[in-house]
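One structure is given below, encoded as structure tokens.
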Amino acid sequence: MPQAQFGELAAASLYCPTCRRATPVREHLLLVLPDGNLYDYRCSVCATSTGTRSTRQGG
879 MPQAQFGELA AASLYCPTCR RATPVREHLL LVLPDGNLYD YRCSVCATST
929 GTRSTRQGG
């Protein structure tokens, strides 16, 4: 399985609409759900939300 080699990916930088360029991001836990977690990516320069990521618990 080629996809299994990556496991989970997390963003290091994303485009920020406020800064108008790609900036490093910080990942913040938003919600703990019964089947996983929801994370928010925020610009490390201005703290604008630039995206989300959800994870699922194996099982």
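Take 879 as the starting number for the sequence shown in our numbering and just add one per residue.
C-beta atoms are modelled at their ideal positions from N, C-alpha and C, and glycine is treated no differently.
Going by the beta-carbon positions, is the gap between residue i and residue j smaller than 8 Å?
i           : j           : result
residue 914 : residue 933 : yes
Can you give the Cα-Cα distance for residue i and residue j, rounded to whole angstroms?
i           : j           : result
residue 897 : residue 889 : 17 Å
For residue i, report the span of its beta strand (DSSP E) as first-last.
i           : result
residue 895 : Note, residue 895: premise wrong, no beta strand (DSSP E); not H, not E.
residue 918 : 914 to 921
residue 885 : Unbroken run through residue 885: none, as it is neither H nor E.
residue 933 : 927 to 934
Go through its chain and collect everything with a Cβ distance to residue i's Cβ below 6 Å, but skip five positions before and after it.
i           : result
residue 918 : 906, 908, 927, 930
So, for residue i: in the same chain, excluding its five sequence neighbours on each side, which residues have a beta-carbon less than 8 Å away from its beta-carbon?
i           : result
residue 900 : 891, 892, 893, 894
residue 922 : 901, 902, 903, 904
Apart from the five residues on each side of it in sequence, which residues of its chain come closer than 7 Å, Cβ to Cβ, to residue i?
i           : result
residue 920 : 903, 904, 906, 926, 927, 928
residue 916 : 908, 909, 930, 932
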